[in-house]
Every structure is written in structure tokens, then in C-alpha cells.
Amino acid sequence: MLNKKMIPGLVLMVVFSFYTLSYSQNMDHKNHKHKSSYMSEINNEIKALSEEEINQLLNGHGMGLAKAAELNSYPGPMHVLEFSNELILTREQIEKTEALFHSVKTEAKKLGRMIVEKEKELDTLFKENRISQTLLRNKINEISELNSMLRFAHLNAHLLQKEILTNEQIKTYNELRGYN
Numbered sequence: 158m159l160n161k162k163m164i165p166g167l168v169l170m171v172v173f174s175f176y177t178l179s180y181s182q183n184m185d186h187k188n189h190k191h192k193s194s195y196m197s198e199i200n201n202e203i204k205a206l207s208e209e210e211i212n213q214l215l216n217g218h219g220m221g222l223a224k225a226a227e228l229n230s231y232p233g234p235m236h237v238l239e240f241s242n243e244l245i246l247t248r249e250q251i252e253k254t255e256a257l258f259h260s261v262k263t264e265a266k267k268l269g270r271m272i273v274e275k276e277k278e279l280d281t282l283f284k285e286n287r288i289s290q291t292l293l294r295n296k297i298n299e300i301s302e303l304n305s306m307l308r309f310a311h312l313n314a315h316l317l318q319k320e321i322l323t324n325e326q327i328k329t330y331n332e333l334r335g336y337n
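So that you can map any letter, position 58 of the sequence shown is 215 in this note's numbering, and since no number is skipped, the others follow by simple counting.
This is the structure in C-alpha cells:
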């Protein structure tokens, strides 16, 4: 049982313990260095893009830009060609799909190259301390427009591909891709 004479001492000890703990945590926080999650990207040629992203842009890869189409039963030409036997494509369907694939690939490579160039220009403006709000707005608008055009190219390819296939082929495509 607690003696009434002990209570002030216990209160003082509890207060002192909280103060000591609080001070200790505060000092740890002040001495703790917050390392950036970007540390591994400091040596990237273009800071906003990884090597993989640059390669995907330059090679015209889809990069998931057409998920809205792909996951809603609008097949992509590259995968349609991969599954040409399983889909039992006609010669005409193969020719149209190949033409569509090469067209979007050419457009995507061109746009990808332009995006990489504009990102490099933006990076250089920051690196050389020559950026201003006006330049920043202009570069961001240029990059945004190119990204929009790239996404349109990929999504439009899926839209056009759907017109080439039958409903049964689209159903088979979805099954082959695991979208049951």
C-alpha cells in the first residue's frame, strides 16, 4: 500500500521520467539524418527518369500507358501478334495488326525520344541554375503534351485493334492474358 508521504516523490519521479524520455527522443530526432529515397538516382543522366524508363521511352514500349484499354477488353497489337495462332487470325487480320503495331511503335519511339530530350532540357536548366517560373511552366507543358500524345498513341492502338478482331477472338485473348 502507498504511504501518503511517498506520493509526491512518485509523482516527481514519473514527471522526471517523462521529461528525460521526451528530451532523449528530441535529441535523437535532431541528430538523425533524414536520407532521401532519391539517393540512388543522384547519378542518373536525367534525374526525373531511370535508365529503364529512358530505354522504354526510346524503344517505344507501352509502359502500362494503355491499361485502361487492355484491362477493359481492348487488346493490344503486340500481344495479339504473340497469340496469333491461339486466336486463329486470318491473313488479313495479321497484316492489319502488323501494320498497326509498326505504326504505333514508330510513333511511340518518336514521342519517347522527344520526351527524353525535353526531360533532359529541364534537368539541365535546374543543373545550370538557369530555371525560372516561365521556363519551368513552358517545359512542363511541353513534356505534358508529349506524354499525352504518347498515351493517346498506345490507347488508340488498342481501340483500332479491337475493330480488327471478332468478339470470340477478344474473349480468347482475355483468357490467354488471364483476364477471365
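The beta-carbon is built from N, C-alpha and C at its ideal position, and this holds for glycine as well.
Helix, strand or coil: how does DSSP classify Gly269 here?
-> The residue labelled residue 269 in the question sits at position 112 within the sequence shown. The answer is helix: DSSP assigns Gly269 an H, G or I state.
Using the beta-carbon count (16 or more within 10 Å), is Lys326 buried or exposed?
-> The count along the sequence shown starts at 1 and reaches residue 326 at position 169. Per the sequence shown, the amino acid found at residue 326 is Gln instead of Lys. Gln326 comes out buried.
Collapsed DSSP secondary structure at Phe240 in the structure displayed | Residue 240 sits at position 83 when you count from the first residue of the sequence shown. In this structure, Phe240 counts as coil in the three-state DSSP scheme.
Could you name the residues of the same chain whose beta carbon sits closer than 6 Å to that of Ile300, not counting the 5 residues immediately before and after it, in chain order?
-> Position 143 of the sequence shown, counted from the start, is the residue given in the question as residue 300. Answer for Ile300: Lys275, listed in chain order.
Coil, strand or helix - Lys204 by DSSP = Against the sequence shown, residue 204 aligns to sequence position 47. Coil, per DSSP.
Around the Cβ of Ala226, are there at least 16 other Cβ atoms within 10 angstroms (buried) or fewer (exposed)?
-> Counting from one through the sequence shown, the residue named residue 226 turns up at place 69. With 16 or more other Cβ atoms within 10 Å, it is buried.
Check each candidate in Lys267, Lys192, Phe309 and name the one with the smallest Cα separation from Asn216.
-> Counted from its first residue, the sequence shown places residue 216 at position 59. Comparing Cα-Cα distances from Asn216 to each of Lys267, Lys192, Phe309, the minimum goes to Lys267.
Proximity of Gly349 and His315 at Cβ, strictly below 7 Å | Nothing can be reported for residue 349: it is not among the residues displayed for the chain, which extend from 158 to 337.
Thinking just about the alpha-carbon of each residue, which of Glu209, Ile321, Gly221 is nearest to the one in Arg308?
-> Within the sequence shown, residue 308 is the residue found at index 151, counting from 1. Closest by alpha carbon: Gly221.
Alpha carbon of Ser194 to alpha carbon of Lys253, nearest angstrom = Translated into positions along the sequence shown, residue 194 becomes position 37. Translated into positions along the sequence shown, residue 253 becomes position 96. Cα-Cα distance, rounded: 45 Å.
Assuming Lys296 and Glu320 make a contact with CB atoms under 8 Å, what is their CB distance in whole Å?
-> Along the sequence shown, one-based indexing puts residue 296 at 139. Along the sequence shown, one-based indexing puts residue 320 at 163. Contact flag wrong, Cβ pair sits at about 37 Å.
According to the neighbour-count rule (16 or more other Cβ atoms, all chains shown, within 10 Å of its Cβ), is Gly269 buried or exposed?
-> Here residue 269 refers to the residue found at position 112 when the sequence shown is read from its first residue. That one is buried.
Using CA coordinates, which residue listed in Lys204, Ile272, His191, Asn200 is at the minimum distance from Gln213?
-> Taking the first residue of the sequence shown as position 1, residue 213 is located at position 56. When each option's Cα is compared against that of Gln213, the closest is Ile272.
Opening and closing residue of the alpha helix (DSSP H) in which Ser305 lies | Translated into the one-based positions of the sequence shown, residue 305 becomes position 148. From DSSP, the alpha helix (DSSP H) with Ser305 extends over 290-321.
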